[in-house]
Amino acid sequence: MVEHAFLSYGDKNAPVKVEVFLNLACPYCATFFEAADQILPAFIEKGQVQYLIKHYDKPREMLLYGTLVNLFFDYQKPDKVYGIMKDLFKNQKQWSESDSNSIKKLLTEKYDLEEEPDTIELSLKITEEAIKRKVKMVPTVFINNSEFQFPVEIDAENLQAEIEKRV
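If you read the sequence shown in this note's numbering, its first letter stands for residue 2, the second for the next number, and so on.
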């Protein structure tokens, strides 16, 4: 059973569950997100994959701006959040080397977002799950509960192969 399906894409009854713990400020997460964005939609459209994104606000200095961004996401609008994530990952180098006030300004002016108080509680639930599942780094990918470290244990090609083995 999948916990905390706040950002879920695809059929919840799909035979393959792809869960990723990521952070918007992590360069490896940007690479994974791009690969998943190219590979997963075809499987999602066929009802074969449910894709779950779990923004892990891991307490690490280099990830703090990702945590700041996450606090502005309205998890009631997963498609909007996905589009913003895609854009932020694409432009990660520009904003992640900025400062917190500039990032807040970007989020409010470019994406029309505001800080979402409910997101703090969701973040704590995802952090609790990450600790329970012993997630040590981002991105960590689970495919039907099999754990992979990206890019060491799984890359874009392997991601597709692992899914195809399970559908």
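Think of the CB as a built atom: it goes at the ideal place given N, C-alpha and C, for glycine as much as any other residue.
{"query": "How should Ala43 be labelled, buried or exposed, when 16 other C-beta atoms within 10 angstroms of its C-beta is the threshold for buried?", "result": "exposed"}
{"query": "Going by Cα to Cα distance, which pick from Phe149, Pro140, Val50, Ile155 is closest to Leu23?", "result": "Pro140"}
{"query": "Tell me whether Met86 is buried or exposed, calling it buried when 16 or more other Cβ atoms sit within 10 Å of its Cβ.", "result": "buried"}
{"query": "Taking its Cβ as the centre, do 16 or more other Cβ atoms sit within 10 Å of Lys135, making it buried, or is it exposed?", "result": "exposed"}
{"query": "Would Ala15 and Phe90 qualify as a contact pair, given that the criterion is a beta-carbon distance under 8 Å?", "result": "no"}
{"query": "Tell me whether Lys55 sits in a helix, a strand or coil according to DSSP, three-state version.", "result": "strand"}
{"query": "So, under 8 Å CB-CB, Leu69 and Cys27 are touching, yes? Tell me the CB distance rounded to an integer number of Å.", "result": "Actually they are not in contact, since the Cβ atoms of Leu69 and Cys27 sit about 14 Å apart, beyond 8 Å."}
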